[in-house]
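**Student:** Sharing a structure here in structure tokens format.
Chains as they are written, first to last, in this note's numbering: chain G, 26 to 205; chain W, 4 to 199.
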């Protein structure tokens, strides 16, 4: 069983803020690999009449899906947790080659009071992997800054075709703890 | 494992695209993308030169964005094996306008002809069907190719999958453009979308 500790921001509405921004930017396809930190946003997407939530078996599928969506005239956003970023690496090469708008929202593990050591290696290299792959990284650590960070990220991704990842820090989503 | 009566890949692809009308076609990394070019360059051809394992998912994104257009993924057994999870993703979404044709020579032809998993064990038709793609066909004749080519245009009855056993002959490479941005923007323009 697990619960959330240090969850100062978990009662806030930041997933609703994200959803509203995505809606305003006319995002239509939302591929995801589930994460507890994304659960509220995923539910908003699945309940939406304008967005299609697309469950993936592995995150790299989402990168390729967004390329196809853009060729067909739609914008998308990829939801994943930090472990999934490593699964994407080769597929990220499609982004500069095909030049489609790429926005991903990544819930972080392996930082800020992480309990599980197995999350730490990939969590520690998440930002570096993105930057080496040509994806700009923005970070939100507090609920109050989520709207502005999302606005900036969506704007540069969709208007300027600047590949962008938003890291939603474990401080924001609440460190996961395991209890007996 | 070599078998008699294997189909000619170029003949298969040119038959699939002979009367293409408004089809958007995605060619997987490797000989499949060359086969598509050999059948005739087209504004709606999405040639892949990388992103191995991504062809079917590019097809899904396009099919969901353009539900009235037939979308056809043409790829190889190695490329499909690398993206096998995408068959489960497609089986869940069930895009009625998406078709996938795998050109199965049971080998990695681009890298020296090493045998692939389909040569001895993996059954892609069974995998696709078990992932929820009910119309999954094992194709061994040109008559079945012609039937599949016709079915691709029915955008209300997919998704559909065909595994086509082809011979492993190495053919002259017919190379499409390698400019990915050009490829995507040409498709977008043909579908009526403006540049950003």
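All C-beta atoms, glycine included, are put in the ideal place defined by N, C-alpha and C.
If you're wondering where the values come from, they're calculated on a predicted model, not measured in any experiment.
So residue 128 of chain G and residue 178 of chain G are in contact, right, with Cβ under 8 Å, and what is the actual spacing, rounded?
**Tutor:** About 6 Å; that satisfies the 8 Å criterion.
**Student:** Give me the chain W residues within the contact set of residue 83 of chain G, using Cβ-Cβ distance strictly less than 8 Å, ordered along the chain.
**Tutor:** Neighbours of residue 83 of chain G on chain W, chain order: 88.
**Student:** Are any of the Cβ atoms in chain G nearer than 8 Å to that of residue 64 of chain W?
**Tutor:** Chain G, which has a Cβ nearer than 8 Å to the Cβ of residue 64 of chain W, makes this yes.
**Student:** Does residue 149 of chain W pass the burial test, meaning 16 or more other C-beta atoms within 10 Å, or should it be called exposed?
**Tutor:** Exposed, since its Cβ has fewer than 16 Cβ neighbours within 10 Å.
**Student:** For residue 49 of chain W, go through chain G and note every residue whose CB falls closer than 7 Å to its CB, in chain order.
**Tutor:** Correct list: 96.
**Student:** For the region 157 to 168 of chain G, which residues have a beta carbon sitting closer than 7 Å to at least one beta carbon of chain W?
**Tutor:** Residues passing the 7 Å Cβ filter: none.
**Student:** Considering only their Cβ atoms, is the gap separating residue 155 of chain W from residue 26 of chain W smaller than 8 Å?
**Tutor:** Their beta carbons are under 8 Å apart, which means residue 26 of chain W touches residue 155 of chain W by this criterion.
**Student:** Using the C-alpha atoms, what's the distance from residue 158 of chain W back to residue 4 of chain W?
**Tutor:** With a pLDDT of 44 at residue 4 of chain W, under the threshold of 50, the modelled position of this residue cannot be trusted, and the question is left open.
**Student:** Is it a yes or a no for the region 112 to 120 of chain G touching the region 75 to 94 of chain W, going by three-plus beta-carbon pairs under 8 Å?
**Tutor:** With the cut-off at 8 Å, the region 112 to 120 of chain G and the region 75 to 94 of chain W do not touch.
**Student:** Considering only the alpha carbon of each residue, which of W:110, W:128, W:152 lies closest to residue 120 of chain W?
**Tutor:** That would be W:110, whose Cα lies nearest to the Cα of residue 120 of chain W.
**Student:** Could you confirm whether any beta carbon from chain G is found closer than 8 Å to the beta carbon of residue 114 of chain W?
**Tutor:** So, not an interface residue.
**Student:** Nearest CA to the CA of residue 3 of chain W: which residue from W:50, W:29, W:131?
**Tutor:** Examination of residue 3 of chain W is not possible in this model, given that chain W is present from 4 through 199 alone.
**Student:** So, do the region 13 to 20 of chain W and the region 174 to 189 of chain G have three or more beta carbon pairs nearer to each other than 8 Å?
**Tutor:** With the cut-off at 8 Å, the region 13 to 20 of chain W and the region 174 to 189 of chain G do not touch.
**Student:** Flag this pair as yes or no: are the beta carbons of residue 43 of chain W and residue 123 of chain G separated by less than 8 Å?
**Tutor:** No, these two residues do not count as a Cβ contact at 8 Å.
**Student:** Where are the alpha helix (DSSP H) runs, 4 residues long or more, that stay fully inside the region 9 to 67 of chain W, in chain order?
**Tutor:** As far as the region 9 to 67 of chain W is concerned, its whole alpha helix (DSSP H) runs of at least 4 residues are 12 to 19, 34 to 41.
**Student:** So what's residue 54 of chain G in DSSP terms, helix, strand or just coil?
**Tutor:** If DSSP states are grouped into helix, strand and coil, residue 54 of chain G belongs with the strands.
**Student:** If the criterion is Cβ atoms closer than 8 Å, does the pair residue 51 of chain W and residue 20 of chain W meet it?
**Tutor:** Not a contact, by the Cβ cut-off of 8 Å.
**Student:** For the pair the region 70 to 83 of chain W and the region 102 to 116 of chain W, tell me if three or more CB-CB distances fall below 8 Å.
**Tutor:** Result yes; three or more Cβ-Cβ pairs closer than 8 Å.
**Student:** Could you check the C-alpha separation between residue 190 of chain W and residue 156 of chain G for me, to the nearest Å?
**Tutor:** If I take the Cα positions, the gap works out to 29 Å.
**Student:** Skipping 5 residues on each side, what residues in its chain have a beta carbon closer than 6 Å to that of residue 134 of chain W?
**Tutor:** Excluding sequence neighbours, residue 134 of chain W sits near 90, 91, 94.
**Student:** What whole-angstrom Cβ distance do residue 37 of chain W and residue 74 of chain W have, given they're in contact under 8 Å?
**Tutor:** Actually they are not in contact, since the Cβ atoms of residue 37 of chain W and residue 74 of chain W sit about 20 Å apart, beyond 8 Å.
**Student:** Sort G:43, G:45, G:37, G:86 by Cα distance to residue 58 of chain G and report the nearest one.
**Tutor:** Nearest of G:43, G:45, G:37, G:86 to residue 58 of chain G, Cα basis: G:86.
**Student:** Whose Cβ in chain W lies nearer than 7 Å to the Cβ of residue 114 of chain G?
**Tutor:** What residue 114 of chain G touches in chain W: nothing, since even the nearest Cβ is about 11 Å away.
**Student:** Quick check on the DSSP output: the alpha helix (DSSP H) that includes residue 166 of chain W runs from which residue to which?
**Tutor:** Where residue 166 of chain W is concerned, there is no enclosing alpha helix (DSSP H), although the beta strand (DSSP E) it sits in stretches over 163 to 168.
**Student:** State the beta-bridge partners of residue 111 of chain W as determined by DSSP.
**Tutor:** DSSP, once it has assigned bridges, lists W:117 as partnering residue 111 of chain W.
**Student:** What runs of the beta strand (DSSP E), each 3 residues or longer, lie entirely inside the region 42 to 110 of chain G?
**Tutor:** Entirely contained in the region 42 to 110 of chain G, the beta strand (DSSP E) runs reaching 3 residues are, in chain order, 52 to 57, 77 to 80, 103 to 106.
**Student:** Could you tell me the distance, in whole angstroms, from the CA atom of residue 115 of chain W to the CA atom of residue 171 of chain W?
**Tutor:** Between residue 115 of chain W and residue 171 of chain W, the C-alpha separation is close to 11 Å.
**Student:** Buried or exposed: where does residue 69 of chain W fall if 16 or more other Cβ atoms within 10 Å of its Cβ makes it buried?
**Tutor:** Looking at its Cβ environment, which holds 16 or more other Cβ atoms inside 10 Å, residue 69 of chain W is buried.
**Student:** Could you confirm whether any beta carbon from chain W is found closer than 8 Å to the beta carbon of residue 203 of chain G?
**Tutor:** False, the Cβ-Cβ gap to chain W never drops below 8 Å.
**Student:** Does DSSP put residue 26 of chain G in a helix, in a strand, or in coil?
**Tutor:** With a pLDDT of 41 at residue 26 of chain G, under the threshold of 50, the predicted position of this residue should be treated as unreliable, though the coordinate-derived value follows. Coil at residue 26 of chain G, not helix or strand.
**Student:** In angstroms with no decimal places, state the Cα-to-Cα distance between residue 142 of chain G and residue 64 of chain G.
**Tutor:** Their Cα atoms are separated by approximately 23 Å.
**Student:** Can you tell me whether residue 93 of chain W is helix, strand or coil according to DSSP?
**Tutor:** DSSP places residue 93 of chain W in helix when its eight states are reduced to three.
**Student:** At a CB distance below 7 Å, what residues from the region 176 to 193 of chain W approach chain G? Give them in sequence order.
**Tutor:** Listed by position, the residues of the region 176 to 193 of chain W near chain G (Cβ gap below 7 Å) are 183, 184, 187, 190, 191.
**Student:** Is there a C-beta anywhere in chain G that falls below 8 Å from the one on residue 61 of chain W?
**Tutor:** For residue 61 of chain W, the answer is yes, since a Cβ of chain G falls inside 8 Å of its Cβ.
**Student:** Once the 5 residues before and after residue 69 of chain G are set aside, which same chain residues still bring their CB inside 6 Å of it?
**Tutor:** Answer for residue 69 of chain G: 44, listed in chain order.
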